[in-house]
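Visitor: Before I ask anything, here is the structure I am working with.
In the working numbering, the protein residues as written are 1 to 296.
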């Protein structure tokens, strides 16, 4: 009991003013503690919210980047496919246009090469293009196949008729080589100051060889000229089908341009094609001396 009595005596001996200061310090410390605790809690909540926001934004950005990367990859593939298809379209059109004067290949393999290359390239367009262009590519494949085989059939008689021309060309290669050989020999004789009889014989041989070359060229031209009506008939037989294919090509290319973010300009391209068609007819008229080519 002595201890507690002493403690209470000491406690009661402390002046009131000290207790007032101590109590104020305790209250201030408590307020400061709870203020700091509240501020820390609020700051932690804000940090957590910011972290969640940053995480969500990062996920969105990663998703956007992945989508953009996929779109870029798709665009690169499409550009490559579309460029190759455009090249093959023009190659097959050139093959179709050249059928009448193409030497016959009885195996038939080389005749189908251009069409097969086009169909392979066009199939890739069908695979990677949007629906509109994919449908147009299928339509073009059908139209091009029909035109290709129709042109082959129409051109077959002409190709047969042109066989003498290829035979003449082979003879011309030999004849022109002979002219060149005699020219070299004649130059050597002149350098060697050979007797006049030898030089005259070489000169006569050169004249004969050169005359043969001229005769072969005239014969070739007569054969070609004699086939003018057949060539015009072939053009008339395939012209309309060719224009149908060309219009589908314009529509397809316009659709593909739109996919790779270029101006489609379909109406302008169609108007341009109509003008080109008219000029093609005018060219045919002049080439064959026809006043008016009526399309069937």
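Here a beta-carbon is modelled for each residue, glycine too, at the ideal position from N, C-alpha and C.
Have a look at residue 102 and residue 234 and give me their C-alpha separation to the nearest angstrom.
Guide: So the two alpha carbons sit approximately 14 Å from each other.
Visitor: DSSP three-state label for residue 71, please.
Guide: It is helical.
Visitor: Please report how far the alpha carbon of residue 113 lies from the alpha carbon of residue 184, in whole angstroms.
Guide: If you take the alpha carbons of residue 113 and residue 184, they lie about 42 Å apart.
Visitor: Following the continuous alpha helix (DSSP H) through residue 260, name the residue where it begins and the one where it ends.
Guide: Note, residue 260: premise wrong, no alpha helix (DSSP H); not H, not E.
Visitor: Judging by CA-CA distance, which residue of 273, 277, 257 and 272 is the nearest neighbour of residue 132?
Guide: For the residues 273, 277, 257 and 272, the minimum Cα distance to residue 132 belongs to 257.
Visitor: To which residues of the same chain is residue 272 closer than 7 Å at the C-beta, ignoring the five residues directly before and after it?
Guide: Result list for residue 272: empty, nothing under 7 Å.
Visitor: Could you have a look at residue 192 and say whether DSSP puts it in helix, strand or coil?
Guide: In this structure, residue 192 counts as coil in the three-state DSSP scheme.
Visitor: Taking C-alpha atoms, which residue in 264, 269 and 242 lies nearest to residue 281?
Guide: That would be 242, whose Cα lies nearest to the Cα of residue 281.
Visitor: Taking only the alpha-carbon atoms, compute the straight-line gap between residue 296 and residue 158 and give it to the nearest angstrom.
Guide: Here the model assigns residue 296 a pLDDT of 41, short of 50, so the residue's position is not dependable, and the following value carries that caveat. Their backbone Cα atoms lie some 20 Å apart in a straight line.
Visitor: Between which two residues does the alpha helix (DSSP H) harbouring residue 150 extend?
Guide: Per DSSP, residue 150 belongs to the alpha helix (DSSP H) from 131-161.
Visitor: For the alpha helix (DSSP H) that residue 105 lies in, which residues bound it at each end?
Guide: No alpha helix (DSSP H) holds residue 105; DSSP gives it neither H nor E.
Visitor: Quick check on the DSSP output: the alpha helix (DSSP H) that includes residue 288 runs from which residue to which?
Guide: Run containing residue 288: 266-288, per the alpha helix (DSSP H) assignment.
Visitor: Should the stretch 199-215 be regarded as contacting the stretch 165-175, the criterion being three or more beta carbon pairs within less than 8 Å?
Guide: Yes, the stretch 199-215 is in contact with the stretch 165-175.
Visitor: Buried or exposed, going by whether 16 or more other CB atoms sit within 10 Å of the CB of residue 144?
Guide: Label assigned to residue 144: buried.
Visitor: Between the Cα of residue 200 and those of 217, 182 and 222, spot the shortest distance and give me the residue it belongs to.
Guide: That would be 182, whose Cα lies nearest to the Cα of residue 200.
Visitor: Taking 8 Å as the limit between beta carbons, can you name the residues of its chain near residue 202, skipping five residues before and five after?
Guide: Cβ within range, chain order: 182, 185, 186 and 189.
Visitor: Assign residue 252 to one of three DSSP states: helix, strand, or coil.
Guide: Helix at residue 252.
Visitor: Grab me the residues of residue 121's own chain with a C-beta within less than 6 Å of its C-beta, minus the 5 sequence neighbours each way, in chain order.
Guide: Correct list, in chain order: 84, 85 and 88.
Visitor: Should residue 136 be labelled buried (16 or more other beta-carbon atoms within 10 Å of its own) or exposed?
Guide: Residue 136 comes out buried.
Visitor: Pick from 265, 93 and 160: whose alpha carbon is nearest that of residue 117?
Guide: When only C-alpha atoms are compared, the closest one is 93.
Visitor: Would you check if the distance between the CB atom of residue 249 and the CB atom of residue 140 is smaller than 9 Å?
Guide: Yes. Within cutoff.
Visitor: Of all the options 274, 54 and 168, which has the alpha carbon lying nearest to the alpha carbon of residue 223?
Guide: Of 274, 54 and 168, the residue nearest in Cα terms is 168.
Visitor: Rounding to the nearest angstrom, what Cα-Cα distance links residue 237 and residue 263 in this structure?
Guide: Distance between the alpha carbons of residue 237 and residue 263: 35 Å.
Visitor: Give me, in chain order, the residues of the same chain whose beta-carbon lies closer than 7 Å to that of residue 276; leave out the 5 immediate sequence neighbours on both sides.
Guide: So no residue of the chain qualifies.
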